[in-house]
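Converting from the sequence shown to this note's numbering requires adding 9 to each position, the first position being numbered 1.
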Amino acid sequence: MQGWITLFAPLAMLAGAVVPFQASANAALGRNLGHPLWATVASLGVSAVLASLVMLVMRVPAPEVALSLRAPGWTWLGGAAGVFYITAALMLAPRMGSGPFMAAVIGGQVLAALAIDRYGLLGFAVKHITPLHWVGAGLVVAGVIVTQVAAGRAN
Numbered sequence: 010m011q012g013w014i015t016l017f018a019p020l021a022m023l024a025g026a027v028v029p030f031q032a033s034a035n036a037a038l039g040r041n042l043g044h045p046l047w048a049t050v051a052s053l054g055v056s057a058v059l060a061s062l063v064m065l066v067m068r069v070p071a072p073e074v075a076l077s078l079r080a081p082g083w084t085w086l087g088g089a090a091g092v093f094y095i096t097a098a099l100m101l102a103p104r105m106g107s108g109p110f111m112a113a114v115i116g117g118q119v120l121a122a123l124a125i126d127r128y129g130l131l132g133f134a135v136k137h138i139t140p141l142h143w144v145g146a147g148l149v150v151a152g153v154i155v156t157q158v159a160a161g162r163a164n
């Protein structure tokens with residue numbers, strides 16, 4: 010398991026590192042297209058095309074329609090969450106700044122992830138959340154607050 014962590018953690022960090030670039034690129038696209046929602050549509054369209062190309066190259070078989078209809082309704086909320094996040098990033102990141110926006114996003118992610126683990130939401134197994142988890146989350150939230158205060162003073 011330890012070997013996987015040394016591989017997965019850097020990949021997860023790389024995935025996280027591209028998010029501020031995504032928010033910045035989408036914000037610029039929104040300005041060029043005249044409205045943030047057009048950038049949301051364009052961004053998701055590019056995502057759909059690229060994912061489809063990767064699936065073609067990898068020869069991923071099409072899902073069975075019957076299986077997708079049996080999925081719980083909440084499993085389709087990922088798309089709505091993506092629209093919400095992209096649109097929020099388009100509208101908030103340019104106003105807040107990339108760093109403060111991403112700090113707030115990470116704070117929200119950590120708190121939501123703890124709730125998902127603690128209560129076994131969305132198909133995840135229930136995990137015991139220790140006081141150390143809460144200390145870590147508190148430090149992240151404190152970092153969000155400090156980042157927001159620093160951004161306010163810089164303006």
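The C-beta atom is built at its ideal place from N, Cα and C for all residues, glycine as well.
In the three-state scheme derived from DSSP, where H, G and I count as helix and E and B as strand, His-142 is classed as helix. Sequence-distant partners of Met-111 (beyond 5 residues in either direction) whose C-beta falls short of 6 Å from its own C-beta, in its chain, are Pro-29. Closest option to Leu-46, judged by alpha-carbon separation, among Val-55, Asn-35 and Ser-56: Asn-35. About 18 Å separates the Cβ atoms of Ser-56 and Ala-102, ruling out a contact at the 8 Å cut-off. In the three-state scheme derived from DSSP, where H, G and I count as helix and E and B as strand, Arg-79 is classed as helix. Per DSSP, the continuous alpha helix (DSSP H) segment holding Trp-47 begins and ends at 45-67. Here Phe-17 carries a helix assignment [DSSP, helix/strand/coil].
For Gly-132, the closest of Pro-109, Pro-81 and His-142 by C-alpha to C-alpha distance is Pro-81. The beta carbons of Ala-113 and Val-158 sit no closer together than 8 Å.
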